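Residue numbers (the UniProt record's numbering): 1 to 296.
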């Protein structure tokens with residue numbers, strides 16, 4: 001359709017009888033119509049019409065996001081930064097992936113300047129800790145733990161406050177760009193990282209980013225799991241996939257919206273989660289629960 005035809009089509013939204021057919025046609029055309037809808041919103045003096053246009057824009061953006069998430073999933077879900085950016089775009093459709101990339105790259109560079117060839121794995125982890133938790137003062141958002149902003153990577157990078165998972169994701173993205181063998185670990189109620197040194201003389205250890213990069217041993221994790229009265233499970237000690245991480249981030253976001261009394265948004269986020277779980281009614285499994293403030 002030409003621009004003139006699109007504008008004429010959108011103008012017919014004023015007609016109550018034609019509106020259902022017009023909205024159906026707009027949905028068929030997809031996100032390319034959004035700029036014309038935004039122009040119509042600016043020109044309208046009818047608040048009800050503006051509300052209808054806002055809902056149409058959201059529906060188109062949400063459909064586009066669902067399709068992009070399917071593409072990400074089908075590609076293997078390996079690009080963690082892209083996966084987290086897709087979550088950002090639910091609330092912030094104009095979120096800039098390249099801006100996220102630049103922010104992570106800056107943190108990587110600052111850490112790289114501190115690394116020396118002779119450093120042990122723990123010393124390397126402490127170098128990242130220094131940059132993230134001392135220089136840039138990233139920290140737990142304990143005052144607003146369930147705020148949806150804690151799941152928005154670009155907001156966490158700006159505010160320096162996040163939940164266990166987003167803080168770990170920033171740490172993990174920096175570590176990966178430095179070539180360090182650091183991975184996510186799906187603990188119940190708390191997301192952490194594990195450093196798997198390649199040298200045989202160094203033992204694997206764990207990193208709690210919600211506590212400013214606190215170094216933990218396997219025994220510490222065993223004690224944590226025992227305090228939750230859960231049976232031992234090797235999955236609590238092993239690396240998880242990037243797909244696991246993004247699924248958990250979506251669970252966190254759904255819980256946030258539920259806590260904020262926004263059930264419609266929670267339902268939409270669960271639809272996104274269903275794309276990554278293959279389940280129309282996704283529910284948290286023991287090793288993929290949302291992060292819980294009470295256990296930090």
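In this text, a Cβ means the ideal position worked out from N, Cα and C, and glycines have one as well. Just so you know, these numbers come straight off a predicted model, no measurement behind them.
Measuring straight from C-alpha to C-alpha, what distance separates residue 193 and residue 212? Straight through space, the alpha carbons of residue 212 and residue 193 are spaced by roughly 12 angstroms.
From the DSSP secondary-structure annotation, give me the bridge partner or partners of residue 161. In the DSSP output, where bridge partners are listed per residue, residue 161 has 139.
Cβ of residue 244 less than 9 angstroms from any chain D Cβ? Judged by its chain identifiers, the structure shown contains no chain D, having just a single protein chain.
Look at the Cβ atom of residue 260, then the Cβ atom of residue 164, and state whether they are nearer than 9 angstroms. A distance of 9 angstroms or more separates the beta carbons of residue 260 and residue 164.
Contact test: residue 96 Cβ vs the ligand ZN heavy atom, cutoff 8 angstroms: Summarising the ligand content, the structure contains no ligands, and the ligand ZN is consequently not present.
Which first and last residues belong to the alpha helix (DSSP H) in which residue 64 is found? Counting along the chain, the alpha helix (DSSP H) containing residue 64 begins and ends at 47-74.
Can you grab the Cα-Cα spacing for the pair residue 179 / residue 1, in whole Å? Cα to Cα, residue 179 sits roughly 49 angstroms from residue 1.
Report the residue ranges of all alpha helix (DSSP H) runs contained in full by the UniProt domain "Protein SirB1 N-terminal" (100-251); include only those spanning at least 4 residues, in chain order. Listed in chain order, they are 121-129, 153-159, 164-177 and 218-227.
Hey, residue 68 and residue 44: beta-carbon distance below 9 angstroms or not? No, the pair does not count as a contact, with Cβ atoms beyond the cut-off.
What do you get for residue 151, buried or exposed, if any count of 16 or more other CB atoms within 10 angstroms of its CB means buried? With at least 16 other beta carbons inside 10 angstroms of its own, residue 151 counts as buried.
Give me, in chain order, the residues of the same chain whose beta-carbon lies closer than 6 angstroms to that of residue 129; leave out the 5 immediate sequence neighbours on both sides. Result list for residue 129: 213, in chain order.
For residue 166, which option in 8, 52, 246 and 65 has the closest C-alpha, if you only look at C-alpha atoms? Distance from the Cα of residue 166 is smallest, within the candidate group 8, 52, 246 and 65, for 246.
Measure the Cβ-Cβ separation of residue 126 and residue 10 and say whether it is below 9 angstroms. Result no, Cβ atoms of residue 126 and residue 10 do not sit closer than 9 angstroms.
Contact set for residue 208: own chain, Cβ-Cβ below 7 angstroms, skip 5 residues either direction: Result list for residue 208: 192, 214 and 216, in chain order.
Collapsed DSSP secondary structure at residue 261 in the structure displayed: Under the three-state reduction of DSSP, residue 261 is assigned to coil, being neither helix nor strand.
Any idea what DSSP makes of residue 270, helix, strand or coil? Correct three-state label for residue 270: helix.
Under the three-state reduction of DSSP, which class applies to residue 90: helix, strand or coil? In the three-state DSSP reduction, residue 90 falls in the helix class (H, G or I).
Identify which residue in 278, 12 and 7 has its Cα closest to the Cα of residue 35. Out of 278, 12 and 7, 7 has the C-alpha closest to the C-alpha of residue 35.
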